[in-house]
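S.K.:
Residue numbers (the numbering used here): 65 to 236.
#1: Based on Cα-Cα distance, which residue from 73, 226, 87 and 72 lies nearest to residue 143?
#2: Measure the beta-carbon distance from residue 118 to residue 136 and round it to whole angstroms, keeping in mind my assumption that it falls under 8 Å.
#3: Report, in whole angstroms, the separation of the C-beta atoms of residue 85 and residue 108, which I expect to be a contact under 8 Å.
#4: Measuring only the C-alpha atoms, how far is residue 163 from residue 210?
#5: Got a sec, what are the start and stop residues for the beta strand (DSSP E) residue 115 sits in?
#6: Could you give the DSSP three-state label for residue 126: helix, strand or coil?
#7: Following the continuous beta strand (DSSP E) through residue 91, name the residue where it begins and the one where it ends.
#8: Give me the Cα-Cα distance between residue 226 and residue 126, rounded to the nearest whole angstrom.
#9: Start and end of the beta strand (DSSP E) containing residue 226?
#10: Just verifying my parser: in three-state terms, what is the DSSP assignment at residue 74?
#11: Residue 114 to residue 130, Cα distance in whole Å?
#12: Taking the C-alpha atoms as reference points, what is the distance between residue 216 and residue 78?
#13: Tell me, which residues are paired with residue 170 by DSSP?
#14: Counting C-beta neighbours from all protein chains within 10 Å, is the total for residue 191 16 or more, i.e. buried, or is it exposed?
#15: Output yes or no for whether 8 Å exceeds the beta carbon distance between residue 100 and residue 155.
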């Protein structure tokens, strides 16, 4: 005799198809400035995708493996980022160096979520978000070599984050 396993929990009736993708591309450039400095810059683009579609199986009978699939949950999230960064590295004296730079990010997101309260209810929108923001960071940092085993580092960093419209100033 065959031993038939019956579905008994809600999760036994669910089937999900999940897609995830990620990509990145960038370009780096270095420029020597005299004998004691160089400028290092880069620009890059990254993108991520998460897509989840879940269906609920309404069986025709307890021991039958036939039935109807109903939409149960759908979520899609796409995030994109473009970043530019540039750093000037300078050897000011034999013991003193400086690194000063900027970094700018443009961020974009689009996210949608739909679901049901009960297994065979129609899909309802839980949330739908589409937005853009930015962040800009500037910094300077000095490094002084005290001894062969000891360095002194001091610097400042300031960041503007567009979403919160805040400007910070912090030690680096």
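Positions of the beta carbon are idealized from the N, C-alpha and C atoms, including for glycine.
M.R.: Once the coordinates are examined:
#1: Within the chain shown, residue 143 is the residue found at index 79, counting from 1. For the residues 73, 226, 87 and 72, the minimum Cα distance to residue 143 belongs to 87.
#2: Working through the chain shown from its first residue, we reach residue 118 at position 54. Working through the chain shown from its first residue, we reach residue 136 at position 72. That belief holds up - the Cβ atoms of residue 118 and residue 136 are roughly 5 Å apart, short of 8 Å.
#3: Counting from 1 along the chain shown, the entry for residue 85 is found at position 21. Counting from 1 along the chain shown, the entry for residue 108 is found at position 44. About 17 Å separates the two Cβ atoms, so there is no contact after all.
#4: Here residue 163 refers to the residue found at position 99 when the chain shown is read from its first residue. Here residue 210 refers to the residue found at position 146 when the chain shown is read from its first residue. So the two alpha carbons sit approximately 18 Å from each other.
#5: Position 51 of the chain shown, counted from the first residue, corresponds to residue 115. Element bounds for residue 115: 101-123.
#6: One-based indexing of the chain shown puts residue 126 at position 62. Of the three classes helix, strand and coil, the one that applies to residue 126 here is coil, per DSSP.
#7: Position 27 of the chain shown holds residue 91. 78-97 is the span of the beta strand (DSSP E), which, as asked, contains residue 91.
#8: Taking the chain shown and counting its residues from 1, one reaches residue 226 at position 162. Taking the chain shown and counting its residues from 1, one reaches residue 126 at position 62. Going by the C-alpha atoms only, they are around 55 Å apart.
#9: Against the chain shown, residue 226 aligns to sequence position 162. Counting along the chain, residue 226 falls outside any beta strand (DSSP E), and DSSP gives it neither H nor E.
#10: Here residue 74 is taken as the residue at index 10 of the chain shown, counted from 1. Helix.
#11: For the purposes of this step, residue 114 is taken as the residue at position 50 of the chain shown. For the purposes of this step, residue 130 is taken as the residue at position 66 of the chain shown. Whole-angstrom Cα-Cα distance: 30 Å.
#12: One-based indexing of the chain shown puts residue 216 at position 152. One-based indexing of the chain shown puts residue 78 at position 14. Roughly 59 Å separates the two Cα atoms.
#13: Numbered from 1 along the chain shown, position 106 holds the residue referred to as residue 170. Answer is 146 and 198.
#14: On the chain shown, position 127 is the one that residue 191 refers to. So residue 191 ends up on the exposed side.
#15: As a first step, residue 100 is located in the chain shown; it is residue number 36 there, counting from the start. As a first step, residue 155 is located in the chain shown; it is residue number 91 there, counting from the start. For residue 100 and residue 155, yes; Cβs fall inside 8 Å.
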